[in-house]
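Sequences listed follow chains A and B, in order. Position in the first sequence (from 1) plus 3 gives the number in our numbering. Position in the second sequence (from 1) plus 237 gives the number in our numbering. Each residue gets a CB set at the ideal place from its N, CA and C atoms; glycine is no exception. Some notes on the structure that comes next.
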Amino acid sequence: MTEHSRHAAPVIRLRQAGISFGRRTLWENLDLEVHPGEFLAVLGPNGSGKSTFLKVLLGLQDLSTGTAEILGEPVRRGSSRVGYIPQQQSLPAETPLRARDLVALGLNGHRWGIPWKSARTRAAVEELLQRVGAEAYADQPVGVLSGGEQQRLRAAQALAGNPDVLLCDEPLHSLDLQHQQAIAELLTTQASQREAAVVFVTHEINPIIEAVDRVVYFARGQYRIGTVSEVMRSEVLSELYDAPVDVVEHKGRLIVLADHVEHHHEHDADTIREAL
Amino acid sequence: MNLAASLNLPASLAESPPLALVERIRSSYTLEGYWDLFQLVQNSVITAAVLGLMGGIFGVFIALRRAGLVVHGIAEISFAGAALFLLLGLNVVAGSAVGAVAAAVLIGVLSLRDREVSAVTAVLMPFGMGLGILFLHLYQGRSANQFGLLTGQIVGVDDIQTRTLVTVAVIISVVLVLLWRPLLFASVDPELAAARGVNTSVLSMIFMVLMGLAVAMSVQVVGALLVLSLLVVPAAAALKVSHRPLTVVLLAMGFGVFSAVAGIMIAITGTIPISPYITTISFLIYLGCLLVARRRRRVSIRKAPPVIPAAS
């Protein structure tokens, strides 16, 4: 994030925000400001409220307490200033859409009226396809594309209209390494060059660790915010989980070792144990 | 326009069209007689054509939302509505429309929260069918009417019915075209659509009401048991051979119109009811499309560059 944007007004502002379902509190007293160009990673075990955090910012989930604002206004669904990449789901083989039709839905899918594509829409779709590197399969039916190719199209949908906020829900999930890098790069570019705030919900921080400015870590109804080196530490996560957690750095990768916490880094933990 | 009068048909024919028609269908095999007959059933042909068009557009969304079973469920429940109205001495078409829309709305409301549309449908379907059987059992009238509810009865459509069916089918089609993008968006990617401001719940309810009406209309042509042949099969066939949205819709409409109209035109040469013809034609179209798709796939595999074995 540049010095300039650090002084600019925050794009996302949460004050004393909290979410509870019945007696269960996902998280509470969340104060957070995200600035233009900032890349925020949202981490935590399953069910800790990462996706709910995104739903709040999308205006799809009301807060139980506190306020949430985007660009100085209360969050609302359908804001054109917010781009969203939902969790990866593969599209059925017989979906009657070409790649370019899917991208067009990201531009004007919410509008009703006679579905006529204007020259402007066509040009915008073409530009988006180029930006995500999907020109080669622009006319292919979406149902036959690989998960990575479909995910590029979802990125294109989210980038439509150059949003000020990009909300991504596990966008790299189940992608191969090459596609992971490509998608991560696309989102980082949107943050650094177009001054968008990126909120990136993920299980796995390593593929994006270079890009991340700050981390929000949710667990057990609490949270920690800070830079990677401030949050991803043994003592911080141990306190958050209220159980011993080890964070090990190995060749620039962070590996979280936690035996009894239901956790996503288990896989890494296994690998490291085998390696040792 | 009174067709019987305009065609100079005997008075008895004008008095009881269904019986006279059957008589006339039996005795007509020459070309001259055929065109007389064709004119006589032109109401049905128009209706079938318009319903075929509507079914084509509708089927695309039914396929996208995997709602084939829901269509069948609504059709069976619409039969209960028709049977009830028959029992009460009211208009059967209105009865099936009321039944279908009520069923569609009920399924929509019950499945809005948990999205288990097919489970809800599977629960309601036998109940509706049971009610229908009960009402028919209580009805003392002619049994021919009863059977028509299930297997189709279009030959008897009069001018007013034609106008109603065509009007409703056109309205449904227009609404579908206007809602095309959000409906497509919500069907393909409900989560993103909701985030982009599409009110997916309201849209689902509108879709269910339209589906109820569409089923009620189609029941008039092919009957409650065979509605899928007009609302699902044409689009399913089109989806096999194309992935371009516009092409799929146009093909599906073409298939729908062809099977409905050709079904009627063949049916009037003999005594077999219309529905078997329509269902068979639409099935054959589907089969044809399946073969075309298979063949294309084989060709594209053959065209793909051969795998070069790695040097050992």
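Closest Cα partner of residue i within the set the options
i        : options                                : result
B:Leu476 : A:Glu31, A:Arg101, A:Gly50             : A:Arg101
A:Ala137 : A:Leu94, A:His176, A:Leu189            : A:Leu189
B:Gly434 : A:Arg114, A:Val128, A:Ser241           : A:Arg114
A:Ile117 : B:Val411, B:Thr404, B:Leu347, B:Ala339 : B:Val411
A:Tyr87  : A:Glu207, A:Gln160, A:Ala11            : A:Gln160
B:Gly310 : B:Leu277, B:Ala489, B:Val354, B:Pro513 : B:Val354
B:Ser441 : B:Ile515, B:Ile509, B:Val342, B:Pro363 : B:Val342
B:Pro513 : B:Gly525, B:Val498, B:Leu527           : B:Val498
B:Leu304 : B:Thr517, B:Leu468, B:Arg531, B:Gly270 : As written in the sequence, residue 304 of chain B is Ala, which differs from the Leu given in the question. Nearest C-alpha to B:Ala304: B:Leu468.
A:Val218 : A:Gln133, A:Gly47, A:Ile15, A:Val14    : A:Gly47
A:Glu76  : A:Gln91, A:Val202, A:Leu60, A:Gln90    : A:Leu60
B:Ala359 : B:Ala340, B:Ile370, B:His374           : B:Ala340
A:Leu17  : A:Gln193, A:Glu41, A:Gln181, A:Ile73   : A:Ile73
B:Gly293 : B:Gly460, B:Thr401, B:Leu462, B:Val452 : B:Val452
B:Gly365 : B:Gly326, B:Val307, B:Asp396           : B:Val307
B:Val414 : B:Arg400, B:Phe298, B:Leu325, B:Leu323 : B:Phe298
B:Pro427 : A:Ile186, A:Gln90, A:Glu198            : A:Gln90
A:Ser93  : A:Val14, A:Ala141, A:Gln153            : A:Gln153
B:Leu420 : B:Leu487, B:Val330, B:Arg302, B:Thr516 : B:Arg302
Cβ neighbour criterion (16 or more within 10 Å) applied to residue i
i        : result
A:His253 : exposed
A:Asp34  : exposed
A:Ala126 : exposed
A:Asn49  : exposed
B:Ser537 : exposed
A:Asn165 : exposed
A:Asp104 : buried
A:Ala20  : buried
A:Arg227 : buried
A:Ser51  : buried
B:Phe316 : buried
A:Gln193 : buried
B:Leu256 : exposed
A:Asp179 : exposed
A:Trp2   : Nothing in the structure corresponds to residue 2 of chain A, since chain A is present only between 4 and 279.
For residue i, three-class secondary structure by DSSP
i        : result
B:Tyr266 : Its pLDDT being 49, under 50, B:Tyr266 is placed unreliably by the model, and the measurement read from it follows with that caveat. DSSP places B:Tyr266 in coil when its eight states are reduced to three.
B:Leu376 : The question names Leu, but residue 376 of chain B is Tyr in the sequence shown. Three-state DSSP puts B:Tyr376 in coil, outside helix and strand.
A:Ser23  : strand
A:Asn32  : strand
B:Pro471 : helix
A:Leu190 : helix
B:Ala530 : helix
A:Pro77  : strand
B:Ala257 : helix
B:Ile396 : The sequence shown places Asp at residue 396 of chain B, not Ile. It is helical.
A:Leu175 : coil
A:Val168 : strand
A:His253 : strand
B:Arg418 : helix
B:Leu349 : coil
A:Gly114 : Note on residue identity: the sequence assigns Arg, not Gly, to residue 114 of chain A. It is coil, neither helix nor strand.
Paired residues, beta bridge with residue i - DSSP
i        : result
A:Pro144 : A:Arg101
A:Tyr226 : A:Phe221
B:Ile344 : The partner list for B:Ile344 (beta bridge, DSSP) is empty, contrary to what the question assumes.
A:Leu17  : A:Leu35, A:Ala71
A:Val259 : A:Val250
Residue i: CB within 8 Å of a non-hydrogen atom of the ligand GDP
i        : result
B:Ala431 : The ligand content of the structure shown is nil, which means the ligand GDP is not present either.
Run of the alpha helix (DSSP H) containing residue i, from where it starts to where it stops
i        : result
A:Leu43  : No alpha helix (DSSP H) holds A:Leu43; the beta strand (DSSP E) holding it covers 42-46.
B:Ile314 : 305-324
B:Gln457 : 437-459
A:Glu233 : 231-234
B:Ile299 : 279-301
A:Gln154 : 150-162
B:Leu462 : From DSSP, B:Leu462 is part of no alpha helix (DSSP H); its letter is neither H nor E.
Boundaries of the beta strand (DSSP E) in which residue i is found, first to last residue
i        : result
A:Ala222 : 217-222
B:Arg481 : No beta strand (DSSP E) contains B:Arg481, which DSSP labels as neither H nor E.
A:Ala200 : 200-204
A:Gly86  : 85-88
Given a limit of 7 Å on CB to CB distance, which residues of the stretch 73-93 of chain A reach chain C? This model lacks chain C altogether, as its protein chains are A and B.
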